[in-house]
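Here's the structure we're looking at; comments come further down.
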Amino acid sequence: MRRRSPVTAALAAVAALTLTPALPAAAAAENPTFTPDLHTGQPSGVTMQDGVVQLAPTAEPTPLDPPTDQPEPPRIGMLTLPPHRLAAAAGTVRPELAAEQPKDTSTAVDVRARRADGRWSEWVPADPGQAATLHEPSAEIQLRLVLTGTAAAGPTVRGLRVTPTPVDRLRLAARPLALQTHKVFATREGLVGHTTANGHVITENDHFVALPSRRALSPRGTDDYSVKVCAPNGRCAWAPVWDVGPWNTRDDYWNPPSVRQNWAELPQGTPQSQAAYRDGFNGGLDQFGRKVRNPAGIDLADGLFRGALGLKDNAYVTVVYLWTGRA
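Residue numbers (the working numbering): 8 to 334.
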């Protein structure tokens with residue numbers, strides 16, 4: 008299946024639990040609520056005017072698949088805001104949106120943190136009005152607005168308030184395991200001329216991948232989340248994650264059950280689409296109620312699929328999820 012493209016697996020992979028020192032209670036006053044500037048940021052599938060963010064008429068379905076007789080997934084647009092420095096390390100972040108949401112539309116906020124090793128954590132979805140727990144305490148965070156709608160209607164965001172909560176007690180911190188490596192079925196994305204979830208326009212010989220969760224979606228033009236893919240013929244290549252799919256958008260299957268966003272009952276490393284296709288899991292349907300017609304857990308852009316890896320047809324490949332730990 009083709010799809011275009013979707014937060015730290017390393018965070019997710021808990022090897023051991025250790026105590027980290029508490030910050031002074033006075034730090035609470037050092038991280039006041041702030042209001043991000045919605046005039047700035049990296050848009051994808053959204054329009055920005057006078058601080059108002061709306062789903063663009065050109066926003067494409069995510070995952071983007073070739074037309075079929077099955078229901079079309081929702082249209083998703085995103086605005087990735089610039090990183091924000093805090094006065095003190097925060098443990099949780101609570102975003103509050105001022106938004107208008109017609110029927111069949113929604114808004115959400117993803118947040119990620121700069122880790123102690125300098126890399127970004129995976130994106131953590133923040134439920135409306137709820138605080139998102141960062142993978143580790145951090146004094147630098149980044150937020151991403153996610154607007155979901157249909158061809159007929161989309162939401163409007165007029166404001167965002169963010170309240171970071173400093174670490175005011177001993178907390179458990181995750182130590183990443185070794186890099187996650189899994190064998191999954193790969194399909195060719197194709198879809199030249201369409202736009203990925205992060206706003207990249209797909210070219211004929213492109214080099215990127217799509218994974219079925221926006222937790223590991225890199226901002227456009229970056230390789231914050233990348234994979235190493237090895238084909239059965241022994242050829243390997245590296246590529247950034249620039250799209251979300253195939254099939255699902257909430258399936259971070261590389262994460263352990265304690266962190267996996269959906270389908271925690273499945274073994275780590277098993278995509279929901281694979282379980283649906285092979286075993287009839289979820290009635291053989293994806294998260295949108297579509298019949299799963301192949302077990303794909305990763306999509307490969309054409310230049311990666313044909314050129315770098317030399318694949319002639321869809322195949323099982325070995326994938327190393329490079330942000331999940333250190334070799």
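Glycine included, each C-beta is placed from N, C-alpha and C at the ideal position.
Nearest-angstrom Cα separation, counted from residue j out to residue i
i       : j       : result
Val-118 : Trp-130 : 5 angstroms
Asp-306 : Ala-193 : 6 angstroms
Gln-61  : Pro-239 : 44 angstroms
Gly-314 : Ala-322 : 15 angstroms
Lys-298 : Pro-219 : 16 angstroms
Thr-54  : Gly-241 : 44 angstroms
Leu-141 : Lys-110 : 31 angstroms
Arg-82  : Ser-280 : 20 angstroms
Thr-65  : Ile-209 : 15 angstroms
Ala-204 : Val-174 : 33 angstroms
Gln-56  : Gly-161 : 15 angstroms
Asn-262 : Thr-256 : 14 angstroms
Leu-104 : Arg-221 : 20 angstroms
Pro-50  : Arg-151 : 10 angstroms
Thr-47  : Leu-88  : 7 angstroms
Asp-286 : Ile-148 : 40 angstroms
Pro-253 : Arg-165 : 31 angstroms
Trp-330 : Trp-245 : 12 angstroms
Gly-296 : Lys-235 : 31 angstroms
Beta-bridge partners of residue i, as assigned by DSSP
i       : result
Ala-228 : What sits at residue 228 in the sequence shown is Gly, not Ala. Answer is none; Gly-228 lacks a bridge partner.
Gly-310 : Gly-310 pairs with nothing; no bridge assigned.
Thr-140 : Thr-99
Arg-257 : Ser-220
Thr-46  : At residue 46 the sequence reads His, which differs from the Thr that was named. According to DSSP, His-46 bridges with nothing at all.
Gly-58  : For Gly-58, which the question treats as bridged, DSSP gives no partner whatsoever.
Ile-209 : DSSP lists no partner for Ile-209.
Glu-107 : Thr-163
Thr-325 : Lys-190 and Cys-237
Thr-87  : Gln-49 and Arg-151
Trp-130 : In DSSP, Trp-130 forms no bridge with anything.
Arg-92  : Glu-147
Val-266 : Bridge partners of Val-266: none, in fact.
Simplified DSSP state of residue i, which is helix, strand or coil
i       : result
Arg-165 : strand
Ala-223 : helix
Gly-156 : strand
Arg-82  : strand
Trp-5   : Only positions 8 to 334 of the chain appear in the structure, and residue 5 is not among them; the question remains open.
Gln-281 : helix
Ala-244 : strand
Phe-295 : coil
Asp-286 : helix
Ala-315 : helix
Val-118 : strand
Residues near residue i in its chain [Cβ-Cβ closer than 6 angstroms; skip 5 each side]
i       : result
Phe-41  : Val-169
Pro-171 : Asn-38, Leu-93, Ala-97 and Val-100
His-207 : Arg-227 and Trp-249
Thr-157 : Asp-111
Leu-318 : Ala-238 and Phe-312
Phe-288 : Ala-282
Lys-190 : Tyr-323 and Thr-325
Leu-86  : Gly-48, Pro-50, Val-53, Val-60 and Leu-152
Ala-35  : Model confidence at Ala-35 stands at a pLDDT of 47, short of 50, so the residue's coordinates are unreliable and nothing is read from them.
Chain-order list of residues whose beta-carbon lies under 7 angstroms from that of residue i (same chain, five-residue window excluded)
i      : result
Ala-33 : Residue confidence for Ala-33 is low, a pLDDT of 47 falling below 50, so the modelled location carries little weight; the figure read from the coordinates is stated next. For Ala-33, where only same-chain residues beyond five positions count, there are no Cβ hits under 7 angstroms.
Glu-79 : Pro-68
Ala-63 : Gly-52, Val-53, Thr-54 and Gly-84
Same chain, Cβ closer than 8 angstroms to residue i, neighbours up to 5 away in sequence not counted
i       : result
His-201 : Arg-11, Glu-67, Leu-71, Val-208 and Ile-209
Heavy atom of the ligand ATP within 6 angstroms of residue i beta-carbon
i       : result
Arg-122 : Summarising the ligand content, the structure contains no ligands, and the ligand ATP is consequently not present.
is_contact[residue i, chain D] using C-beta, thresh 7 angstroms
i      : result
Leu-71 : Chain labels in this structure do not include chain D; a single protein chain is all it has.
- prompt: Is it true that the segment 207 to 216 meets the segment 309 to 318, where meeting means three or more beta-carbon pairs spaced less than 8 angstroms apart?
  reply: Three or more Cβ pairs closer than 8 angstroms define a contact, and the segment 207 to 216 meets that threshold against the segment 309 to 318.
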